[in-house]
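Single-structure report; data block below.
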Amino acid sequence: QQQVKQSPQSLIVQKGGISIINCAYENTAFDYFPWYQQFPGKGPALLIAIRPDVSEKKEGRFTISFNKSAKQFSLHIMDSQPGDSATYFCAASHFGNEKLTFGTGTRLTIIP
Amino acid sequence: GAVVSQHPSWVICKSGTSVKIECRSLDFQATTMFWYRQFPKQSLMLMATSNEGSKATYEQGVEKDKFLINHASLTLSTLTVTSAHPEDSSFYICSARAGYDGELFFGEGSRLTVL
């Protein structure tokens, strides 16, 4: 019930294109869904997060789409740039619990 | 934004020795900090929740006598890997929450290599 499934495992997108990463969860008690960006040898950094009271949240080139009934959420990176090349993790937690359950990660590579 | 600092960023030690990793919240107080372990090209796995002034809560399968956690102040938590072995080699990452409903900040990680 604590699992968060993430796909794809790796993704190659051309510069300027849209990168899409998907996650699905099982635990209906989860109510906080962040996305983290991690560069090699560094800790993860929060990119954007959403709570289930909205279906979409946009911050700059990054958008989270959330489907509560399907228990799925996705990250869209518009106008993808080489600097976006990193590993992306989705995560989920139950407010107050604070313990994040991470997805398996997606290695994104943006090619010129 | 809030910063979480880890030290050392990397450490190499001989098998059988103990290694201490520090996690500090630099500009905020954190009653709770979390310790994760990450193997190459894998996800972050929560090891334990560190609570200031009380015992840490360990996740299932994590040996509490192997991974000693001390959260002596509101800005410092330490993870000690005791009698380290090569299989303990990993990237250890801490995180801390700024405030009750604040963002969770991660440290830069500490890479442990046990020879």
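Sequence lines, in order, name chains A and B. Numbered per the working numbering, the first sequence spans residues 7 to 118. Numbered per the working numbering, the second sequence spans residues 77 to 191. Ideal Cβ positions, reconstructed from N, Cα and C, are used throughout, including at glycine.
Under 9 Å by beta carbon: chain A residues contacting residue i
{"i": "residue 108/B", "result": "104"}
{"i": "residue 169/B", "result": "49, 50"}
{"i": "residue 179/B", "result": "40, 52, 55"}
Alpha-carbon to alpha-carbon, residue j and residue i
{"i": "residue 29/A", "j": "residue 191/B", "result": "37 Å"}
{"i": "residue 61/A", "j": "residue 168/B", "result": "34 Å"}
{"i": "residue 112/A", "j": "residue 97/B", "result": "28 Å"}
{"i": "residue 82/B", "j": "residue 26/A", "result": "32 Å"}
{"i": "residue 93/A", "j": "residue 44/A", "result": "5 Å"}
{"i": "residue 141/B", "j": "residue 86/B", "result": "22 Å"}
{"i": "residue 108/A", "j": "residue 98/A", "result": "7 Å"}
{"i": "residue 188/B", "j": "residue 156/B", "result": "11 Å"}
{"i": "residue 130/B", "j": "residue 24/A", "result": "46 Å"}
{"i": "residue 63/A", "j": "residue 78/A", "result": "14 Å"}
{"i": "residue 48/A", "j": "residue 73/A", "result": "31 Å"}
{"i": "residue 179/B", "j": "residue 90/B", "result": "37 Å"}
{"i": "residue 134/B", "j": "residue 21/A", "result": "43 Å"}
Test item: CB-CB of residue i and residue j under 8 Å
{"i": "residue 19/A", "j": "residue 106/A", "result": "no"}
{"i": "residue 159/B", "j": "residue 92/B", "result": "yes"}
{"i": "residue 192/B", "j": "residue 95/B", "result": "The displayed coordinates of chain B run from 77 to 191. Any statement about residue 192/B would go beyond what the structure contains."}
{"i": "residue 171/B", "j": "residue 123/B", "result": "no"}
{"i": "residue 152/B", "j": "residue 100/B", "result": "yes"}
{"i": "residue 39/A", "j": "residue 53/A", "result": "no"}
{"i": "residue 95/A", "j": "residue 102/B", "result": "no"}
{"i": "residue 59/A", "j": "residue 101/A", "result": "no"}
{"i": "residue 221/B", "j": "residue 127/B", "result": "Because chain B is modelled from 77 through 191, residue 221/B falls outside the range shown and cannot be assessed."}
{"i": "residue 70/A", "j": "residue 56/A", "result": "yes"}
Burial state of residue i (16 or more Cβ within 10 Å)
{"i": "residue 75/A", "result": "exposed"}
{"i": "residue 88/B", "result": "exposed"}
{"i": "residue 52/B", "result": "Any question about residue 52/B goes unanswered here, given that chain B covers just 77 to 191."}
{"i": "residue 113/B", "result": "buried"}
{"i": "residue 35/A", "result": "exposed"}
{"i": "residue 117/A", "result": "exposed"}
{"i": "residue 90/A", "result": "buried"}
{"i": "residue 50/A", "result": "buried"}
{"i": "residue 148/B", "result": "exposed"}
{"i": "residue 115/B", "result": "exposed"}
Residue i (DSSP reduced to helix, strand or coil)
{"i": "residue 50/A", "result": "coil"}
{"i": "residue 163/B", "result": "helix"}
{"i": "residue 40/A", "result": "strand"}
Proximal chain B residues relative to residue i, where beta-carbon distance stays under 7 Å
{"i": "residue 110/A", "result": "119"}
Interface partners of residue i on chain A, CB under 8 Å
{"i": "residue 183/B", "result": "49"}
{"i": "residue 100/B", "result": "The premise fails here: residue 100/B is roughly 13 Å from chain A at the closest Cβ pair, so nothing lies under 8 Å."}
{"i": "residue 113/B", "result": "Near residue 113/B there are no residues of chain A at all, since even the closest Cβ is about 12 Å away, more than 8 Å."}
Listed by chain order, chain B residues near residue i by CB distance under 8 Å
{"i": "residue 39/A", "result": "Here the premise fails: no neighbours, minimum Cβ distance about 13 Å."}
{"i": "residue 95/A", "result": "119, 120"}
Closer than 7 Å at the beta carbon, the chain A residues around residue i
{"i": "residue 191/B", "result": "Result: empty, since nearest Cβ-Cβ is about 20 Å, beyond 7 Å."}
{"i": "residue 125/B", "result": "105"}
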